[in-house]
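Everything below concerns the one structure shown next.
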Amino acid sequence: LFPSHRVRVFISTTIYLSTMASTVGVEKKKVTLRSSDGEEFEVEEAVAVESQTIKYMIEDDCAGSGIPLPNVTGDILAKVIEYCKRHVDSSAKTDDHLATSAADDLNAFDAEFVKVDQSTLFDLILAANYLDIKSLLDLTCQTVADMIKGKTPEEIRKTFNIKNDFSKEEEEEIRRESPWAFE
């Protein structure tokens, strides 16, 4: 190697090692989330602040001994954390080619994520609303909307196990007043 090449190799190696050391050696800040049934989850702060509710609690210094989430069970909180982690990891990919691939992967993940029983889906909606995670709330509500789309009122009642509490007369009156709703 020529002397000038050795300098370039040295500088390149030093920069690379310095970059690696700064990304590998940094421990990410974590917070503890406590579910309604007492389960505790240690989560990276970047993942936890996907929730606006948790973000505000951290900003208000309410995270010292863990953040209690009395409206979310451990099973549902684990799913919410999985969702948030995947979305944070996906947004970290900034290269255009990687971003397109990451977006496709994320869409596939989201599609699989909502393939759950109705009870879990509704619990996820409630958790997303309580935790103020807009993207999760949009995803879960859209899933319910897709389940309803194109169905008759009777089919919707059957799908969601809803009892028809209208009398025949009340139902006929509603059909006369709003025929567009039954087309």
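For the sequence shown, the working numbering puts the final residue at 199, and the numbers step up evenly by one.
Glycine included, every Cβ here is placed at the ideal spot set by N, Cα and C.
Backbone CA spacing between residue i and residue j [nearest angstrom]
i, j, result
"H103", "A62", "11 Å"
"I178", "V160", "14 Å"
"C78", "D162", "38 Å"
"S106", "A119", "7 Å"
"I97", "K184", "46 Å"
"D154", "V132", "16 Å"
"L147", "I70", "7 Å"
"E199", "F182", "19 Å"
"T39", "F129", "Low local confidence applies: a pLDDT of 47 at T39 is under 50, so the model's placement there is unreliable, with the coordinate-based value given in what follows. Cα to Cα, the separation comes out at about 30 Å."
Host alpha helix (DSSP H) of residue i (start-end)
i, result
"T156", "150-164"
"N145", "134-147"
"I178", "It is not in any alpha helix (DSSP H) - I178 carries neither H nor E in the DSSP assignment."
"E199", "Careful: E199 lies outside any alpha helix (DSSP H) and carries neither H nor E."
"K11", "Nothing can be reported for residue 11: it is not among the residues displayed for the chain, which extend from 17 to 199."
Nearest-angstrom Cβ-Cβ length linking residue i and residue j, presumed shorter than 8 Å
i, j, result
"I92", "A127", "The Cβ separation is near 19 Å, so there is no contact."
"T175", "K165", "With 8 Å as the limit, T175 and K165 do not qualify as a contact, their Cβ atoms being about 11 Å apart."
"G82", "T48", "4 Å"
"K46", "E58", "5 Å"
"I149", "C100", "7 Å"
**Item:** beta strand (DSSP E) runs wholly inside the region 36-97, at least 3 long, in chain order
**Value:** With a minimum length of 3 residues, the continuous beta strand (DSSP E) runs that stay inside the region 36-97 are 46-51, 56-60, 83-85.
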